[in-house]
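K.L.:
Numbering-wise (our numbering), the sequence shown opens with residue 15 and increments by one.
I have a structure I would like to understand better, so I am pasting it below and will then ask my questions one at a time.
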Amino acid sequence: MRYSGSLVKKEREEIFRMFLGDNKLKFNEIEKKLEIRSNMVSYHLDKMQEEGLLEKKGMYYYLTKEAERYLPILPHITGEGMSPLPVVLVAVIKDERILLIKRKRRPYKGYWSLVGGKMLIEESFEQASKRLVKEKTGLDCQFVSTNAILHEQVKGDEIIKHSFILFFTKVSVETNELKESEHGKPDWFDINKLEKVIPSDEWLILNKLNSKNKITEAVMEEKEGKLTSFNIKNN
15 MRYSGSLVKK EREEIFRMFL GDNKLKFNEI EKKLEIRSNM VSYHLDKMQE
65 EGLLEKKGMY YYLTKEAERY LPILPHITGE GMSPLPVVLV AVIKDERILL
115 IKRKRRPYKG YWSLVGGKML IEESFEQASK RLVKEKTGLD CQFVSTNAIL
165 HEQVKGDEII KHSFILFFTK VSVETNELKE SEHGKPDWFD INKLEKVIPS
215 DEWLILNKLN SKNKITEAVM EEKEGKLTSF NIKNN
C-alpha cells in the first residue's frame with residue numbers, strides 16, 4: 015500500500031482484498047485463501063485489528079467502518095492504477111478583484127493559483143469551499159455558486175504526470191484582511207491583470223467566472239451491505 019499502517023505488508027493487503035467479495039470471513043476461510051501458516055495468519059489479523067482495519071464479532075472478521083472507506087479507492091492506493099484527483103478550486107471575489115495564492119509547494123510551486131484543495135469525504139461543495147478559504151486565507155465567506163467542471167492532465171517526460179478533476183466554485187467575502195499559511199501567500203488581483211497564474215486556473219477565471227453549473231448532490235444509505243435509501247440533497 016502507499017500509506018503507513020497494517021496494509022504495508024503483502025499478506026495484509028491480500029486479507030483486505032478478500033473483503034471486496036465478502037463482508038465477513040472466518041479465520042479458516044482467510045487461512046485457506048492466504049495459504050500460510052495459521053500462526054502467521056493470527057499475527058496479521060491481530061495487527062490489522064490494532065490498526066483499526068478489522069474487528070472481530072464472534073467467529074467472524076469484518077472491516078471496520080473506517081476501513082470500509084478504502085474499498086472504492088483500493089486500486090489507487092495500492093498503485094495498481096492512478097485515478098484523477100478531484101480538487102475544489104474557489105474564486106474568492108471582492109470589489110471586482112480575485113484572491114490568489116502564491117504556491118509554496120509542488121506541483122506548481124511559485125505560481126499563483128486559485129484557493130483550492132481536496133474535498134473531505136463528508137463535505138458538500140459549499141462546505142469544502144468555505145473550509146478551504148478559511149484554512150488558506152483566514153477569511154469567512156459566503157457561497158455563491160458552482161461554476162464549472164474541468165478535467166486537466168499534466169504531461170511531462172512523455173507521460174501523464176498528474177490528472178485532476180477541477181470543480182470550480184465562487185464565493186464572496188466582506189473583509190480583505192488576509193493571513194499567510196503554510197500553503198502559500200494570498201493576495202488580491204485585478205481580474206484583467208493576472209501574472210504567472212496556473213494556466214487552467216487562469217482559463218477558469220477568464221471563461222467561467224460568471225457561469226453556473228449546478229451539481230446535484232445525493233446521499234445513499236447502506237446497512238449490512240444493502241442499499242436502503244437514495245435521496246437528492248438539492249434540487
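Positions of the beta carbon are idealized from the N, C-alpha and C atoms, including for glycine.
Which residue wins for smallest C-alpha separation from I229, given the options N161, K184, E65, T189?
P.N.:
N161
K.L.:
When DSSP builds the beta bridges, which residues end up paired with S127?
P.N.:
S127 pairs with I115.
K.L.:
Could you have a look at F33 and say whether DSSP puts it in helix, strand or coil?
P.N.:
coil
K.L.:
Tell me which same chain residues have a C-beta within less than 8 Å of the C-beta of Y125, skipping the five on either side of it?
P.N.:
K116, R117, K210, V211, I212
K.L.:
By the DSSP assignment, the beta strand (DSSP E) with D204 in it spans what residues?
P.N.:
198–204
K.L.:
Buried or exposed: which applies to D171, given that a residue is buried once 16 or more other Cβ atoms fall within 10 Å of its Cβ?
P.N.:
Answer is exposed; the Cβ neighbour count stays below 16.
K.L.:
Can you tell me whether M15 is helix, strand or coil according to DSSP?
P.N.:
For M15, the predicted structure reports a pLDDT of 39, less than 50, and the residue's modelled location is therefore unreliable. A value from the coordinates is still provided. Three-state result, M15: coil.
K.L.:
Report the residue from N53, F244, L99 whose alpha carbon sits nearest the alpha carbon of G131.
P.N.:
Closest option to G131, Cα to Cα, is L99.
K.L.:
Over the uninterrupted beta strand (DSSP E) stretch that includes V233, give me the two end residues.
P.N.:
232–237 is the span of the beta strand (DSSP E), which, as asked, contains V233.
K.L.:
I need the straight-line Cα distance from K38 to E69, nearest angstrom please.
P.N.:
10 Å
K.L.:
Which residues share a DSSP beta bridge with Q167?
P.N.:
S177
K.L.:
How many Å lie between K148 and V101 at the Cα?
P.N.:
The C-alpha of V101 is placed about 16 Å away from the C-alpha of K148.
K.L.:
Opposite L77 in the DSSP bridges: which residues?
P.N.:
Its beta-bridge partners are L68.
K.L.:
Among the residues of its own chain, which have a CB less than 8 Å from the CB of E194, if the five just before and after it don't count?
P.N.:
P200
K.L.:
Could you check the C-alpha separation between K237 and Y75 for me, to the nearest Å?
P.N.:
17 Å
K.L.:
May I ask you to verify whether the stretch 78–98 touches the stretch 28–43, counting CB pairs closer than 8 Å and requiring at least 3?
P.N.:
yes
K.L.:
Please classify F181 as buried or exposed, where buried requires at least 16 other C-beta atoms within 10 Å of its C-beta.
P.N.:
buried
K.L.:
Between L164 and the rest of its own chain, which residues show a CB-CB distance below 6 Å, the 5 nearest in sequence each way excluded?
P.N.:
L180
K.L.:
Need the endpoints of the beta strand (DSSP E) that V106 sits in, please.
P.N.:
99–108
K.L.:
Buried or exposed, going by whether 16 or more other CB atoms sit within 10 Å of the CB of R119?
P.N.:
exposed
K.L.:
From the DSSP output, read off the bridge partner residues of T183.
P.N.:
BP columns for T183 point to V104, T160.
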